[in-house]
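In what follows, a single structure is set out as structure tokens and then discussed.
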Amino acid sequence: MIRLASLALALAAISIAALSARAADKPDPVGDAKTFQKFFTDKFPKLKPEDFVNGPYSMNEDLHRQWEEKEQFPPYEFALEAGKEMFSKPFKNGKTYADCFPNGGIGIRQDYPYFDEKEGKVITLELALNRCREANGEAPISYVRDDMASLTAYMAYTSRGKPMSIKIPNDPRALEAYQKGKEYFYTRRGQLNFSCATCHVQSPGERIRAEILAPALGILNAMPIYRSEWSGMGTTSRRFTTCNSQIRGVPLEPQSEEYRDLEYYLSYVSNGLPISGPGARP
Amino acid sequence: MRALLFFALLIASSAPALAASEDDFKTAYAAAETAEKEAGRLRNQWTTTEAALAGAKKAAANGDFDKAIASSKEAEALAKASIFQATSEKERWKDMEIR
Chain U
4 MIRLASLALA LAAISIAALS ARAADKPDPV GDAKTFQKFF TDKFPKLKPE DFVNGPYSMN
64 EDLHRQWEEK EQFPPYEFAL EAGKEMFSKP FKNGKTYADC FPNGGIGIRQ DYPYFDEKEG
124 KVITLELALN RCREANGEAP ISYVRDDMAS LTAYMAYTSR GKPMSIKIPN DPRALEAYQK
184 GKEYFYTRRG QLNFSCATCH VQSPGERIRA EILAPALGIL NAMPIYRSEW SGMGTTSRRF
244 TTCNSQIRGV PLEPQSEEYR DLEYYLSYVS NGLPISGPGA RP
Chain Y
14 MRALLFFALL IASSAPALAA SEDDFKTAYA AAETAEKEAG RLRNQWTTTE AALAGAKKAA
74 ANGDFDKAIA SSKEAEALAK ASIFQATSEK ERWKDMEIR
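Protein sequence lines, in the order shown, are assigned to chains U and Y. In this text, residue positions in the first sequence follow our numbering: the first is 4, and each later residue adds one. In this text, residue positions in the second sequence follow our numbering: the first is 14, and each later residue adds one.
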């Protein structure tokens with residue numbers, strides 16, 4: 004009898020353990036975002052949550068002063084003007100980008116990327132812009148070059164201060180995309196065996212050669228960015244592909260499913276933090 | 014007789030080692046390419062593997078098959094390491110997650 008009871012207890016314990024293991028593996032975006040944000044606010048207790056969107060410039064007082072000075076004559080200003088002009092210039096068919104987006108494309112940056120339930124995939128702002136061009140008979144533009152950076156810079160600027168507001172609809176495919184993005188973020192790759200988290204979770208504020216690493220929290224809120232290192236503007240696509248090359252990994256094609264899912268995850272966990280793009284980085 | 018044997022050994026030891034052939038290179042390169050294709054299927058190729066493959070092709074084009082084979086073997090080893098990384102990270106990524 005005692006043996007039977009022990010056996011029943013052991014089986015019950017195994018079932019509970021199995022259930023909790025399954026629970027840990029089940030995607031929980033709300034819980035993830037809370038834990039993610041708490042990790043950074045605990046690590047940098049002097050910073051307010053909205054400070055994180057300034058990347059390395061939020062990491063110490065000297066850099067913050069540099070950022071304030073830079074913002075007086077921001078290096079992304081030319082891109083902003085070019086983007087505004089491109090945005091309002093009609094396509095050959097007379098339509099403009101404004102015709103492709105809700106609210107005429109103004110003040111909507113915080114809603115991108117979103118999960119399109121009809122297509123079953125993540126749609127980023129960069130992808131939506133090229134789709135707009137193609138739908139209006141124009142050739143798509145490079146995801147990593149200046150024109151795309153200028154357009155997204157202007158659209159981000161019209162959303163400055165608005166809290167990131169990424170939604171995960173009640174669709175298992177959306178949850179799967181989120182989970183895949185999360186997996187990509189933490190997966191080590193390249194000959195240097197780095198994941199995104201190696202730099203932007205384990206080491207924000209630390210130097211890697213001459214650079215100060217940005218925290219992952221709010222990292223996309225500042226996109227696109229002017230980087231002194233690039234001597235020019237860069238899109239989210241450029242940032243992802245460059246990160247992969249720097250760790251000696253062959254970058255995927257810009258706007259591949261993996262990168263779009265990564266953007267979905269990273270943006271979601273920064274929900275509530277203000278859009279600060281376009282940004283400037285050392 | 015002894016002198017004859019001595020000279021035979023001397024000639025044999027002073028003959029240059031056989032240089033690698035184009036066929037040897039092709040075999041080594043094919044093995045590296047197969048491994049790199051698998052890394053590509055896993056979406057985890059390394060830039061260093063690509064550089065070693067390019068180096069192998071360049072050396073072969075210049076007729077330096079010893080160098081071409083060495084580069085091919087290096088590429089194969091790197092590609093296999095990237096496959097191992099991609100496979101092991103299927104579960105290991107969870108260790109890095111913020112909890």
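Heads up, the beta-carbon is just placed ideally off N, CA and C, and yes, glycines get one too.
Rounding to the nearest angstrom, what Cα-Cα distance links residue i and residue j in this structure?
i: P285/U; j: D119/U; result: 35 Å
i: S145/U; j: Y271/U; result: 25 Å
i: P257/U; j: L132/U; result: 14 Å
i: M109/Y; j: Y189/U; result: 6 Å
i: F104/U; j: E137/U; result: 14 Å
i: M151/U; j: T99/U; result: 15 Å
i: I111/Y; j: S234/U; result: 34 Å
i: K170/U; j: D37/Y; result: 56 Å
i: V253/U; j: R191/U; result: 13 Å
i: Y187/U; j: A33/Y; result: 42 Å
i: M226/U; j: G193/U; result: 24 Å
i: L83/U; j: G110/U; result: 15 Å
i: E261/U; j: A219/U; result: 17 Å
i: N63/U; j: P48/U; result: 12 Å
i: Y229/U; j: A85/U; result: 14 Å
i: Q309/U; j: D31/U; result: Past the boundaries of the shown model lies residue 309/U; chain U is included only from 4 to 285, so the question cannot be answered.
i: E122/U; j: Q182/U; result: 18 Å
i: D174/U; j: E35/Y; result: 56 Å
i: H203/U; j: P59/U; result: 10 Å
Specify, as a first and last residue, the run of the beta strand (DSSP E) that residue i falls within.
i: D119/U; result: Y117 to D119
i: K124/U; result: K124 to I126
i: G237/U; result: G235 to G237
I need the boundaries of the alpha helix (DSSP H) containing residue i, first residue and last residue.
i: A180/U; result: P175 to Y189
i: M158/U; result: D149 to Y160
i: A283/U; result: First-last for A283/U: G282 to R284, but that is the beta strand (DSSP E), not the alpha helix (DSSP H).
i: Y262/U; result: E260 to Y271
i: I96/Y; result: F78 to R105
i: Y229/U; result: Premise fails: Y229/U lies in the beta strand (DSSP E), I228 to R230, not in any alpha helix (DSSP H).
i: K39/Y; result: E35 to R54
i: T62/Y; result: T60 to A74
i: C103/U; result: Where C103/U is concerned, there is no enclosing alpha helix (DSSP H), given that its DSSP letter is neither H nor E.
i: Q194/U; result: Where Q194/U is concerned, there is no enclosing alpha helix (DSSP H), given that its DSSP letter is neither H nor E.
i: R68/U; result: E64 to K73
i: D213/U; result: Per the sequence shown, the amino acid found at residue 213/U is Ala instead of Asp. A213/U -> no alpha helix (DSSP H), and no H or E assigned at all.
Just mark residue i as buried or exposed, buried being the case when its beta carbon has 16 or more other beta carbons within 10 Å.
i: L195/U; result: exposed
i: L269/U; result: buried
i: N75/Y; result: exposed
i: R25/U; result: Residue placement at R25/U is poorly supported in this model, since its pLDDT is 43, which falls under 50; the coordinates still yield a value, given next. So R25/U counts as exposed.
i: V33/U; result: exposed
i: I211/U; result: exposed
i: G97/U; result: exposed
i: W106/Y; result: buried
i: A217/U; result: buried
i: Q205/U; result: exposed
i: R134/U; result: exposed
i: R251/U; result: buried
i: I19/U; result: For I19/U, the predicted structure reports a pLDDT of 43, less than 50, and the residue's modelled location is therefore unreliable. A value from the coordinates is still provided. Its Cβ having fewer than 16 others within 10 Å, I19/U is exposed.
i: T61/Y; result: buried
i: L10/U; result: Residue placement at L10/U is flagged as unreliable, the pLDDT there being 45, under the threshold of 50; a coordinate-derived value is accordingly withheld.
i: N106/U; result: exposed
i: R68/U; result: exposed
i: T47/Y; result: exposed
Mind pulling the chain U residues with CB within less than 8 Å of residue i?
i: R54/Y; result: Within 8 Å Cβ-Cβ: nothing; R54/Y doesn't reach chain U, min ~13 Å.
i: T60/Y; result: G193, Q194, S248, R251, G252 and V253
Skipping 5 residues on each side, what residues in its chain have a beta carbon closer than 6 Å to that of residue i?
i: G68/Y; result: S84
i: A99/Y; result: L55 and N57
i: L130/U; result: Q258
For residue i, return the contacting residues in chain U, with the cut-off set at a CB-CB distance below 7 Å.
i: E110/Y; result: Y189
i: E102/Y; result: T190 and R191
i: E63/Y; result: V253
Which bits of chain Y does residue i rub up against, with CB to CB less than 9 Å?
i: F81/U; result: By Cβ distance, chain Y contributes nothing, its closest Cβ being about 32 Å from F81/U, past 9 Å.
i: S198/U; result: E102, W106 and M109
In chain order, what residues of the same chain have a beta carbon less than 8 Å from the beta carbon of residue i, not counting five sequence neighbours either side?
i: K86/Y; result: A41 and A45
i: P172/U; result: F118 and E120
Kindly list, in the order they appear in chain Y, the residues whose Cβ is closer than 8 Å to that of residue i.
i: F42/U; result: I111
Quick one: list the residues of chain Y neighbouring residue i, beta-carbon separation under 7 Å, in chain order.
i: E261/U; result: R56
i: E186/U; result: W106
i: V204/U; result: I111
i: F243/U; result: Those within 7 Å of F243/U in chain Y number zero; the least Cβ separation is about 13 Å.
Output needed for residue i: all residues of its chain with C-beta closer than 7 Å, excluding positions within five of it in sequence on either side, in chain order.
i: Q113/U; result: S162, K165, P166, M167, S168 and I278
i: A94/Y; result: none
i: L72/Y; result: The question names Leu, but residue 72/Y in the sequence shown is Ala. Contacts found: K80, A81 and S84.
i: K73/U; result: A283
i: S61/U; result: L50, D54, F55 and H67
i: F43/U; result: F55, P218 and L220
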